[in-house]
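> So the sequences go chain by chain: Y and S.
Heads up: the first sequence begins at 1 in full-length UniProt numbering, then just goes up one per residue.
Heads up: the second sequence begins at 1 in full-length UniProt numbering, then just goes up one per residue.
Note that CB positions come from ideal geometry on N, CA and C, so glycine has one too.
This structure is a prediction, so every number in the text was calculated from the model and none was measured.
There's a structure below that I have some questions on.
2 protein chains.
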Amino acid sequence: MSTFAPRPVPVALIGLGGVGKAILSQLLSPPLNSRFNLILIANSRQSISLPLPAAPITPTNFSPILEQHGNPLDVASILSLLSNHPDAPGIFIDSTGSDLIPSIYPQILAMGINIVTPNKKAASSSLSLWDDVISKTYPNTPTMYYGESTVGAGLPILSTLKDLVATGDEIEKIEGVFSGTLSYIFNEFSKVEGGDVKFSQVVQIAKDKGYTEPDPRDDLSGTDVARKLTILSRLIPTSPALPEGYASVPTQSLVPDVLSNASTKEEYLERLAEGDDYFDKIREEARKEGQVVRYVGVIDLKQGKVECKLGKYPTDHAFATALKGSDNIISFTTQRYSPRPLVIQGAGAGADVTAMGVTSDLVKIHERLTTRA
Amino acid sequence: MSTFAPRPVPVALIGLGGVGKAILSQLLSPPLNSRFNLILIANSRQSISLPLPAAPITPTNFSPILEQHGNPLDVASILSLLSNHPDAPGIFIDSTGSDLIPSIYPQILAMGINIVTPNKKAASSSLSLWDDVISKTYPNTPTMYYGESTVGAGLPILSTLKDLVATGDEIEKIEGVFSGTLSYIFNEFSKVEGGDVKFSQVVQIAKDKGYTEPDPRDDLSGTDVARKLTILSRLIPTSPALPEGYASVPTQSLVPDVLSNASTKEEYLERLAEGDDYFDKIREEARKEGQVVRYVGVIDLKQGKVECKLGKYPTDHAFATALKGSDNIISFTTQRYSPRPLVIQGAGAGADVTAMGVTSDLVKIHERLTTRA
Chain Y
1 MSTFAPRPVP
11 VALIGLGGVG
21 KAILSQLLSP
31 PLNSRFNLIL
41 IANSRQSISL
51 PLPAAPITPT
61 NFSPILEQHG
71 NPLDVASILS
81 LLSNHPDAPG
91 IFIDSTGSDL
101 IPSIYPQILA
111 MGINIVTPNK
121 KAASSSLSLW
131 DDVISKTYPN
141 TPTMYYGEST
151 VGAGLPILST
161 LKDLVATGDE
171 IEKIEGVFSG
181 TLSYIFNEFS
191 KVEGGDVKFS
201 QVVQIAKDKG
211 YTEPDPRDDL
221 SGTDVARKLT
231 ILSRLIPTSP
241 ALPEGYASVP
251 TQSLVPDVLS
261 NASTKEEYLE
271 RLAEGDDYFD
281 KIREEARKEG
291 QVVRYVGVID
301 LKQGKVECKL
311 GKYPTDHAFA
321 TALKGSDNII
331 SFTTQRYSPR
341 PLVIQGAGAG
351 ADVTAMGVTS
361 DLVKIHERLT
371 TRA
Chain S
1 MSTFAPRPVP
11 VALIGLGGVG
21 KAILSQLLSP
31 PLNSRFNLIL
41 IANSRQSISL
51 PLPAAPITPT
61 NFSPILEQHG
71 NPLDVASILS
81 LLSNHPDAPG
91 IFIDSTGSDL
101 IPSIYPQILA
111 MGINIVTPNK
121 KAASSSLSLW
131 DDVISKTYPN
141 TPTMYYGEST
151 VGAGLPILST
161 LKDLVATGDE
171 IEKIEGVFSG
181 TLSYIFNEFS
191 KVEGGDVKFS
201 QVVQIAKDKG
211 YTEPDPRDDL
221 SGTDVARKLT
231 ILSRLIPTSP
241 ALPEGYASVP
251 TQSLVPDVLS
261 NASTKEEYLE
271 RLAEGDDYFD
281 KIREEARKEG
291 QVVRYVGVID
301 LKQGKVECKL
311 GKYPTDHAFA
321 TALKGSDNII
331 SFTTQRYSPR
341 PLVIQGAGAG
351 ADVTAMGVTS
361 DLVKIHERLT
371 TRA
């Protein structure tokens with residue numbers, strides 16, 4: 001036998017918020033720590049090269065170290081560090097919420113640096129940026145971009161869609177509850193067993209539990225769901241073009257007209273109850289038909305439509321019965337998976353599962369870079 | 001830009017039953033036909049090298065061509081064809097139900113030939129054979145073995161479990177309905193809304209619809225489920241050893257004592273109704289507790305148990321409400337996915353979806369072999 005041993009791949013991690021910290025924690029622990037060589041971490045202001053001369057970095061000690069010993073963030077020098085590493089090609093993990101870094105993905109990829117990211121911006125904004133990313137990645141070049149965690153966090157949503165497409169299945173429809181926040185809100189507001197809780201109360205509870213963005217309108221606008229549909233849609237050869245990305249997706253907002261003039265988050269939250277009549281009516285109408293209300297994203301290839309909307313589902317539908325808490329549920333109806341779809345369900349948000357989506361992408365790149373002797 | 005273009009990988013396909021034919025069909029169609037170079041097909045008696053001198057092979061013309069122009073099957077010469085191909089390393093697809101071919105996987109892998117298979121034998125029989133396969137595959141060598149379709153057909157079950165394990169999640173429990181046949185039988189026999197159909201009637205209908213093996217006892221023995229649990233269990237570092245594979249898994253048989261002396265398939269089918277009392281009692285007992293009956297496989301890492309058994313589930317449990325037809329449903333409870341599990345559901349049997357499990361493995365190998373320039 002030869003003495004084959006896959007080498008560790010160099011990795012730089014930018015962005016150390018909740019998800020970034022969870023990625024760091026997974027990367028520093030077995031079994032991932034033997035596959036990767038973390039050569040740099042950075043937050044939005046500072047970066048530090050690794051390993052440190054003294055004690056090793058840990059998920060708990062990095063913050064004061066970065067504060068005291070970090071250098072001002074300089075993306076160009078991070079990229080040069082990665083591309084000149086003796087074990088290059090390496091991987092750039094963008095765990096920021098930045099718009100700026102995604103805009104330079106094409107340049108990063110052109111340097112032969114692979115990218116893994118939970119940041120939805122590049123894949124869900126203008127088609128020209130996304131086309132530029134595609135032109136600079138496999139199979140057009142040997143360089144890779146992976147963004148599994150941009151839809152469904154750690155759930156295998158993009159990988160499943162890629163498998164269906166790559167093996168020649170024909171996608172007919174993708175339908176799902178893609179927002180953990182909106183899943184929770186409607187699972188509580190419109191229950192199979194009934195109930196008369198007010199929409200404003202549910203939103204307030206969701207906010208208090210930390211399930212919403214600081215301004216809940218960022219969830220209720222549906223924009224996050226529209227971004228996810230854009231990402232999925234672009235993996236399907238026969239789907240609509242969406243030139244402006246998520247902004248091209250017809251998206252029903254859950255901020256009712258009566259509240260559209262609330263100018264601040266505070267005013268909106270204060271006046272939240274003014275929207276209750278609007279949602280009461282919707283729930284009542286559904287209830288009369290024996291249905292519940294869910295906020296869903298739909299890609300319907302037969303109709304050539306991509307949209308985010310409030311949908312009504314019978315009380316024995318999986319979106320009504322099987323869906324719990326803040327879970328995502330996504331169903332794929334295809335030529336092979338019909339009439340019954342392939343369904344994937346589980347937590348679609350949270351730092352640990354989102355980080356897992358990122359680190360499982362890292363593993364795939366590691367395997368692809370180290371399979372040949 | 002360089003003129004990077006991933007090369008087609010040479011593939012030999014052995015086994016041309018229902019699944020083999022569906023694999024052939026997918027391999028000969030876009031988009032897979034540009035990724036792979038099918039250099040040989042074989043059934044259990046004959047093989048033929050490709051391309052043919054005259055017309056191209058198709059999923060409909062291969063059978064008479066093989067009959068008239070094929071050579072007697074000689075596995076050694078197939079392996080030598082693959083390993084001497086100018087574009088080696090190639091892939092050997094074992095779509096047979098054979099015991100013999102899996103027993104030589106270690107030799108095939110030692111030649112640097114990658115293996116993809118829907119055949120459960122190597123991964124679910126003796127641990128020594130499986131250990132031998134592992135020792136001859138990545139990360140111990142550059143050679144790969146993939147068997148996604150051995151559990152859940154085209155559903156992403158093994159890939160999801162591998163991702164969870166590789167990223168450091170801790171598996172607590174895997175529980176599911178793993179047999180399409182037994183899913184159908186119990187979804188019909190023990191419904192949420194009740195009903196008094198006899199077990200023997202449901203088995204007869206399932207047999208008439210072609211959902212069962214020619215001898216339904218091959219499904220009702222639970223052996224197929226025990227094989228699937230063995231395959232899953234061996235991917236989990238902390239799971240029980242199962243030295244004899246599926247034969248080490250405690251497995252409840254659905255052939256009741258009163259029928260255990262039926263010596264032939266015909267006698268068994270004739271006397272099927274003698275077992276109805278047994279199943280009526282089980283259903284009635286569950287019904288009194290507001291539960292339904294399902295045949296499940298369970299890997300419980302906290303209890304260190306792997307078992308196949310009749311389980312009882314509340315009528316609002318996903319195994320009762322969400323499960324339809326002959327679908328599989330598999331739930332993963334892990335440190336990250338708890339208390340609510342990650343759940344995957346959909347058709348778990350059928351030629352097209354099983355073939356998709358095989359061809360999605362081929363794609364992964366193709367990517368791993370062709371990523372570097």
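#1: Tell me whether F4 (chain S) sits in a helix, a strand or coil according to DSSP, three-state version.
#2: Counting only C-beta atoms, is R336 (chain S) closer than 8 angstroms to chain Y at any point?
#3: Whose Cβ in chain Y lies nearer than 7 angstroms to the Cβ of R340 (chain S)?
#4: Rounding to the nearest angstrom, what Cα-Cα distance links I108 (chain Y) and N114 (chain Y) in this structure?
#5: For D361 (chain Y), which residues of its own chain have a beta-carbon under 6 angstroms away from its beta-carbon, when the five flanking residues on both sides are left out?
#6: Indicate the three-state DSSP secondary structure (helix, strand or coil) for I48 (chain S) in the structure shown.
#7: If you reduce the DSSP assignment to three classes, tell me which class K265 (chain Y) lands in.
#8: Going by DSSP, what residue range makes up the alpha helix (DSSP H) through L127 (chain S)?
#9: Determine the closest residue to V192 (chain Y) out of Y:L232, Y:Y313, Y:D276, with distance taken between C-alpha atoms.
#10: When you compare the CB of P139 (chain S) with every CB in chain Y, is at least one pair closer than 8 angstroms?
#11: Can you tell me whether S221 (chain Y) is helix, strand or coil according to DSSP?
#12: What whole-angstrom Cβ distance do L155 (chain S) and T334 (chain S) have, given they're in contact under 8 angstroms?
#13: Going along the chain, which residues of its own chain have a beta-carbon closer than 8 angstroms to the beta-carbon of I365 (chain Y), five neighbours each way excluded?
#14: Do we get a CB-CB distance below 8 angstroms when we pair P102 (chain S) with the residues of chain Y?
#15: How should M1 (chain Y) be labelled, buried or exposed, when 16 other C-beta atoms within 10 angstroms of its C-beta is the threshold for buried?
#16: Sort out for me which residues DSSP pairs residue 425 (chain Y) with in a bridge.
#17: Whose Cβ in chain Y lies nearer than 9 angstroms to the Cβ of Q107 (chain S)?
#18: Going by the beta-carbon positions, is the gap between V197 (chain Y) and I185 (chain Y) smaller than 8 angstroms?
#19: What residues are listed by DSSP as bridge partners for D316 (chain S)?
#20: Write down the C-beta distance between D87 (chain Y) and N37 (chain Y) rounded to the nearest angstrom, noting that I regard them as a contact closer than 8 angstroms.
#21: Taking the straight line between their C-alpha atoms, what separation do you get for S124 (chain S) and K162 (chain S)?
#22: Assuming G346 (chain Y) contacts V75 (chain S) under a Cβ cut-off of 8 angstroms, what Cβ separation, rounded to an integer in Å, is found between them?
#23: Give the residues of chain S in contact with D316 (chain Y), contact being defined as C-beta atoms less than 8 angstroms apart.
#24: Looking at V258 (chain S): is its Cβ nearer than 8 angstroms to the Cβ of Y278 (chain S)?
#25: Taking 8 angstroms as the threshold (C-beta atoms), are N328 (chain S) and G180 (chain S) in contact?
#26: Could you work out which residues of chain A lie near A123 (chain S), taking near to mean beta carbons separated by less than 8 angstroms?
#27: Jot down the residue ranges of each uninterrupted alpha helix (DSSP H) in the region 253-302 of chain S, minimum 4 residues, whole runs only, in chain order.
#28: Could you compute how far the alpha carbon of P64 (chain S) sits from the alpha carbon of G210 (chain S)?
#29: Closer than 6 angstroms by C-beta to K136 (chain S): which residues in its own chain qualify, once you throw out the five before and the five after it? Chain order, please.
#30: Roughly how many whole angstroms lie between the Cα atoms of F178 (chain S) and I330 (chain S)?
#31: Go to N119 (chain Y), then tell me how far its alpha helix (DSSP H) extends in each direction, as first and last residue.
#32: Between R294 (chain S) and chain Y, is any beta-carbon pair separated by less than 8 angstroms?
#33: Cα separation between S29 (chain Y) and I236 (chain S)?
#34: Indicate whether at least one CB of chain S lies closer than 8 angstroms to the CB of M356 (chain Y).
#35: Is any beta-carbon of chain S found at less than 8 angstroms from that of P8 (chain Y)?
#36: Could you compute how far the alpha carbon of D99 (chain S) sits from the alpha carbon of E307 (chain S)?
Taking the definition as stated:
#1: coil
#2: yes
#3: K324, G325, D327, G346, A347
#4: 8 angstroms
#5: V116, Y146, E148
#6: strand
#7: helix
#8: 127-135
#9: Y:Y313
#10: yes
#11: coil
#12: So it is not a contact: roughly 18 angstroms between Cβ atoms.
#13: V9, I91, N114, V116, M144, Y146
#14: no
#15: Because M1 (chain Y) sits at a pLDDT of 48, beneath the cut-off of 50, its placement in the model cannot be relied upon, and the following sentence gives the value as read from the coordinates. That one is exposed.
#16: Lying before the first or after the last residue shown, residue 425 (chain Y) is absent from chain Y, which here runs from 1 to 373.
#17: By Cβ distance, chain Y contributes nothing, its closest Cβ being about 14 angstroms from Q107 (chain S), past 9 angstroms.
#18: no
#19: The partner list for D316 (chain S) (beta bridge, DSSP) is empty, contrary to what the question assumes.
#20: 7 angstroms
#21: 17 angstroms
#22: Their Cβ separation, rounded to whole angstroms, is 42 angstroms, which puts G346 (chain Y) and V75 (chain S) out of contact at 8 angstroms.
#23: T321
#24: yes
#25: yes
#26: Of the protein chains in the structure, Y and S, none is chain A.
#27: 265-270, 276-288
#28: 26 angstroms
#29: P106, L109, A110
#30: 7 angstroms
#31: That residue, N119 (chain Y), is in no alpha helix (DSSP H); it is neither H nor E in DSSP.
#32: no
#33: 17 angstroms
#34: yes
#35: no
#36: 24 angstroms
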